[in-house]
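Residue numbers (the UniProt record's numbering): 1 to 134.
What follows is the structure, given as structure tokens:
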């Protein structure tokens with residue numbers, strides 16, 4: 001693409017990142033996100049959300065939390081989908097590891113911040129919170 005003089009835009013990069021995540025290649029996807037920044041093509045909230053979802057779906061909670069914090073730091077808009085995806089991953093890992101994950105270690109004010117930003121979730125969101133503390 002670039003050899004033909006066509007510069008990929010954020011949609012093109014987001015599609016490539018989504019494809020990489022779908023086949024479990026989250027590290028190359030993250031490298032592509034960094035490459036975007038280096039060449040002056042800033043990733044948008046959707047690009048971050050795609051990579052975030054990829055980390056979660058591939059069981060990489062620490063990387064997802066790092067990206068989540070990066071999104072907050074960059075003041076990118078977060079959605080209830082991002083919060084719910086993170087909660088689902090915490091519950092899955094807790095069940096798989098047969099031990100309690102201290103969700104507070106990952107993000108101590110998570111529920112309070114979620115509500116403060118106007119994201120109240122639904123019954124399934126709050127069931128996930130209950131699963132984490134019970």
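Glycine residues also receive a C-beta, built at the ideal position from the N, C-alpha and C atoms. These figures come from a predicted structure and were not determined experimentally.
- In the displayed model, residue 43 falls within coil according to three-state DSSP, outside both helix and strand.
- The C-beta separation of residue 17 from residue 50 comes to about 5 Å, placing the pair in contact by the 8 Å criterion.
- Put simply, the backbone Cα of residue 21 is about 14 Å away from that of residue 67.
- Residue 31 carries a helical assignment under DSSP once its states are collapsed to helix, strand and coil.
- Under a 10 Å Cβ-count criterion, residue 37 is classified as exposed, with fewer than 16 other Cβ atoms of the shown protein chains found around its own Cβ.
- Proximity to residue 29 across 6, 7 and 53 peaks at 53, based on C-alpha coordinates.
- A straight-line Cα-Cα distance of about 35 Å links residue 63 and residue 4.
- With contacts defined by Cβ atoms closer than 8 Å, residue 72 and residue 26 do not form a contacting pair.
- Unbroken alpha helix (DSSP H) runs of no fewer than 4 residues, entirely contained in the segment 53-90, are found at 61-73, following chain order.
- When the beta-carbon positions are compared, residue 46 and residue 15 stay at least 8 Å from each other.
- Comparing C-alpha distances from residue 11 to each of 41, 90 and 80 shows the shortest one belongs to 41.
- Residue state for residue 11 is assigned as helix, using DSSP reduced to three classes.
- In this structure, residue 19 sits away from residue 58, with a CB-CB distance that is not shorter than 8 Å.
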